[in-house]
Amino acid sequence: MKDHVHERIGFREIDEHGNAVQAVSPHVPEPADQGRKRTAVNPFIVALWVMDVGVVWFCMWAFTSAESLMGPSSMGSTAQVNFMILSTLPYGLLAAILLTAGLLFWHAVQWQKKRPTR
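Spelled out as structure tokens, the structure:
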């Protein structure tokens, strides 16, 4: 019988307690390295967290160095440096905030995938 109704019928094996167990098929051998597990840490996410911390650290450093350059003995050349630092600082902070929010959203989605739905 090869029709759409009977193709969906599936059989599963159960143990003596009624729990479903993995069916073993003689036609499909099991993979040889089943003991190998995937790493729990995604290296790209770790790199993004490191980059995020770096951007925050750079923004803090730039702000404190610009503050220290604004002393009463500031020369003419430090005004240009202060302008460059303080004009790019808001974009660096915005990038750090968006990157942190994106990473936290990704972690929330991954956490929700691991939890069973009710």
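When the sequence shown is numbered by the numbering used here, its final residue is 126 and no position is left out of the sequence of numbers.
For glycine and all other residues, C-beta sits at the position ideal for the given N, C-alpha and C.
None of the values given here were measured: they were computed from a predicted structure.
Taking all protein chains shown into account, decide if ILE53 is buried (16 or more other Cβ within 10 angstroms of its Cβ) or exposed.
-> Counting from one through the sequence shown, the residue named residue 53 turns up at place 45. Exposed, since its Cβ has fewer than 16 Cβ neighbours within 10 Å.
VAL29 (DSSP reduced to helix, strand or coil) = As a first step, residue 29 must be located in the sequence shown, where it is residue number 21. Residue state, collapsed to three classes: strand.
Sort TRP119, GLN88, LEU97, TRP114 by Cα distance to LEU56 and report the nearest one.
-> Locating residue 56 in the sequence shown gives position 48, where the first residue counts as 1. Checked all of TRP119, GLN88, LEU97, TRP114; the closest Cα to LEU56 is TRP114.
Assign ALA28 to buried or exposed, taking buried as 16 or more other Cβ atoms, counted over all protein chains shown, within 10 Å of its Cβ.
-> Looking up residue 28 in the sequence shown gives position 20. Label assigned to ALA28: exposed.
Whole angstroms is fine: what's the gap from ALA104's alpha carbon to TRP65's?
-> In the sequence shown, the residue the question calls residue 104 occupies position 96. In the sequence shown, the residue the question calls residue 65 occupies position 57. Using only the alpha carbons, I get a separation of about 10 Å.
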